[in-house]
Each structure stands twice: as C-alpha cells, then as structure tokens.
Amino acid sequence: MSLAATTLLLPAPDASWRVWKPRATSSAETVESPAEAKHVSKPLLIGLPASACRTLGLILPQTDTELLEQIIATQLERRGFKLEQDAMGRNYRWHLLGQQGGHVIISVDVLADPFPEALAASHASDYTAALRLAQLPAGHLVIIEEQGDLVLAASHQSKLYHSHIFAKAPATEEALTLEITLARLTLESELGSDTIEGVALVGANFDRGLSTRLSSVLDLPVRILADLPPNSALETRTWTRLLPSEVRTALGASNQRSKLIRVLVLGGLLYASLAFLGFAYLHFQEQRAEKLEAEVDATSEPASAVRKANERWKVLAPAIEPQRYPLYLLGEINRIMPASGIVIRKFEVKGNEIDLRGEARDAQLAFQFIEDFKKNRVLSRYEWTNPRPEVKGTIASFRAQGKLR
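First residue of the sequence shown: 10, per this note's numbering; consecutive thereafter.
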C-alpha cells in the first residue's frame, strides 16, 4: 500500500497527536493518544516520536538480503538492543536507502524497550518512525520538536537515515550549535564530505533571528519550515510489520478468536448441512423403498414363474448344453492327453460331476495331466480334486473328480 490510502497518526509538538486523512494536505484533527484514534478509517499507520522509536544509520558491506539481515541484527545486539519477532511482526525494521561504493546505506527503526503503554494500540496496522513518513529536505539536518523533545534528524536522498533526541524544548543557541556541529562531523565521516548542505528548523517556535545567527556561526544556510508534510508517494508495500510486543500479543489473541469463531460458524453450517442432507437422503431412501416395494409386489408373480422356469432349465442343462455332454467332455480330455503314458480306465458323468480313473507311467505324469484340466477352457469350469496317485511297480493309478462350479 502507499500513504495515499493510509490514515496517519503523527506526534505534534505538544503532547497531542495529529490525524492525517488519506490524500489530505493538512491535519485538521488531533487526539490525546493513539487509543483515542479507534474511530479513524483503516489502515492506520502510527508515526512514533524519537522517544518511542530509535532510528540508527548503518554503513554495511554489500551482500545478499539474508546475510545483510543477520549483520543488521548483530549490529543492533552489539548496541544493546533486545530484538523480538514472531508471526505478527517484530520490534525493528530496516530500510535500504542506497549504495556507496561496495557498501549499502541502511536505516533501522527500533522500538523503545519498554514500549510506552499509552502508545500501544491494537487497532494499528503498523508503526514507524514519524520522520520516516515526512518529506525531508534533501541534504539538510532537520531540527524538529516532538511532544516537548527536540529531535535532530539526518536524511539520505530525502529518506530518514538517523534521528535522536538531544534536548528538551526550548534549547539554547549554544546547545543547537554544538549538536548540529557534532552531527555534521559524524554524518560527513559516514556518508562523505559535503553531505550536509544546510539546516532546517521545523516549527512555529523558531524565529528568523535565530536562523540568521546559526547560519553565520555554522557557515551553513539555515531556514525555518512551518511543518513537514507526509510524503504521500512513499510506498510501504514491502515493509515488514513493526509492532510492539503488546500489540503483537493482542493481534495474536484477536486472530485466534477470529479463527475460533470462523471454525465454530463453519462447524455449525457444516452440521446444519449434514443434518439437511441426512434428512433429504432418508426421505429419498424412504421414497425409493416404497417404490421398490411396489415394484416387487407388481413383479413377484412373474418373478416366481421365471425362477421356476429357470430351475427347470437347469434340470435340463445336461441334456441341452453341448459342453456338458459326456462325449464332448471326453473329447476335451482326449485332446489334452499326451501321446503316450496315460490310459483312461473309467470315465463317468453324473449330472454336474465327472469321475475319471486311469493309469500313468509315473505319478508326475498323472499329476500334470490333471493340472492341464484346469487350463482347458471347458474342463476349467469344474472344481477338480485328485488324491495322490497310487504307485505299484511302474504304474501310477490316479483318480480325478470334477464338480461344476
């Protein structure tokens, strides 16, 4: 998303907060705390003052994103920051501002620990440093008042690079001169000489005489700006979520409740659907049973006549089915007999049964002969039993009985 479609909540010079509606050029509404902004349209992005969100600039070696992420985490932990993250978000977020030689310029926002309880708003979609949302004058150090604190901010290509609180408002000219001089030396050592082209004093509490005096002392142009409007062209689509632990916990609990409610609603709908389907199926089955019962009643007499006719045809089957004729069956047996070694002594057909006795030159030949019955298209219709052949001398007597399946 972009800021053009987001409601912003930004700290005012005093203890209040200014509400910036989407696409608005000015803020006409203020609230006492983020908790009072529940009525505003979502998504709501809260810009935090420097007292609740520390912004640090880092110059790091250029590498892939995964390794860069690890380096940034290490740098923050070395500076004493406690890093937290879970499925809802984390308490820090880094921004790639540009490249310089073989290095990258990084700006990191880290939430204060402990985070101010009054600023934890579960209805917020995201948090960020307030000055990251502003249109910062390029090449300028910015002095701005945030809820009673004087904050110095530096940018790179008009994007927030570093900010910190250096005094309570109002500050003396000596304090302003010293802080600007130290910040200029530090930033030019990091980002290069001639990085700072001027100083911008933002707010209604700075007079023209102060800007003139500072300009002559610092040897830099100093100008006064009434305000820093939000940068409506800023894209936040790729930002990870920067949320304090209290908000992450509240969002996690809210998501769990939402999931539970969805599961219960879906379960109720599923139960109602199954009950309806069960009732409809039972009604359908009752109708089908009644229809089948009527059909059975209507066809019981013809069915009985068909069964009787079928039984009579079964009785006549041995006489009218050619494949059950004794001569036909004997012909099939003769067709699979080997050229020698097998002699049929008895062949008898009684209804659905065949009784066959014979002699073979050895038991193996007798056994194989009966096994071939099971491969024959006609004889395989019978269930064959063949006791072990009796061997007397050089003759193996065998018997096979087949019953129609």
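Glycine included, each C-beta is placed from N, C-alpha and C at the ideal position.
Remember, it's a predicted structure, so these values are computed and weren't measured experimentally.
Exposure of residue i, with buried meaning 16 or more beta-carbon neighbours within 10 Å
i    : result
D228 : exposed
P396 : exposed
G340 : exposed
P179 : exposed
P70  : exposed
H292 : exposed
P58  : buried
R414 : exposed
D118 : buried
W26  : buried
H112 : exposed
W29  : buried
G66  : buried
G89  : exposed
Start-to-end residues for the alpha helix (DSSP H) that takes in residue i
i    : result
V226 : 217-227
T190 : 182-200
R102 : First-last for R102: 101-109, but that is the beta strand (DSSP E), not the alpha helix (DSSP H).
D381 : 372-382
Q84  : 74-87
Where the beta strand (DSSP E) through residue i begins and ends
i    : result
G367 : 362-369
L388 : Taken as a continuous stretch (DSSP letters only), L388 belongs to no beta strand (DSSP E), as it is neither H nor E.
P335 : That residue, P335, is in no beta strand (DSSP E); its alpha helix (DSSP H) goes 335-345.
E38  : 38-40
E357 : 351-359
F407 : 404-413
I152 : 149-155
T137 : 135-138
E399 : 399-401
R27  : 26-29
I233 : 231-234
A209 : 207-211
Beta bridge counterpart(s) of residue i as assigned by DSSP
i    : result
R250 : Paired residue(s): none; R250 is not in a bridge.
T16  : L53
I174 : V160
K168 : H165
L120 : C62
L67  : I115
G276 : Looking at the DSSP assignment, G276 forms no beta bridge with any residue, so it has no partner.
Reference residue i, options the options, closest by Cα
i    : options                : result
S116 : I363, H132, K401, Q84  : Q84
D122 : F378, P253, L150       : P253
G218 : V211, K383, T204, I233 : I233
G98  : G111, V358, T137       : T137
I342 : G110, R266, G89, A409  : A409
G350 : K359, N385, L336, F407 : F407
V400 : A369, K384, L120, R390 : A369
A209 : R193, V226, H149, A37  : H149
P239 : I55, K323, R87         : I55
T190 : E75, Q156, W103, V231  : V231
E182 : I174, S198, D216, E197 : D216
T195 : A213, G212, H171, L237 : H171
V387 : A235, F376, I345       : I345
V211 : Q144, L76, F378, K355  : Q144
Cβ neighbours of residue i in the same chain (closer than 6 Å, five flanking residues each side left out)
i    : result
E357 : D364
A46  : L18, V40
K168 : L106
L9   : Given that the chain is displayed from residue 10 to residue 414, the structure contains no residue 9 and the question cannot be resolved.
V256 : A129, S131
A176 : L159, A184
Chain-order list of residues whose beta-carbon lies under 7 Å from that of residue i (same chain, five-residue window excluded)
i    : result
A82  : L92
T247 : none
K412 : N361, E362, Y391, E392
Same chain, Cβ closer than 8 Å to residue i, neighbours up to 5 away in sequence not counted
i   : result
A61 : L120, A121, F124, P125, L128
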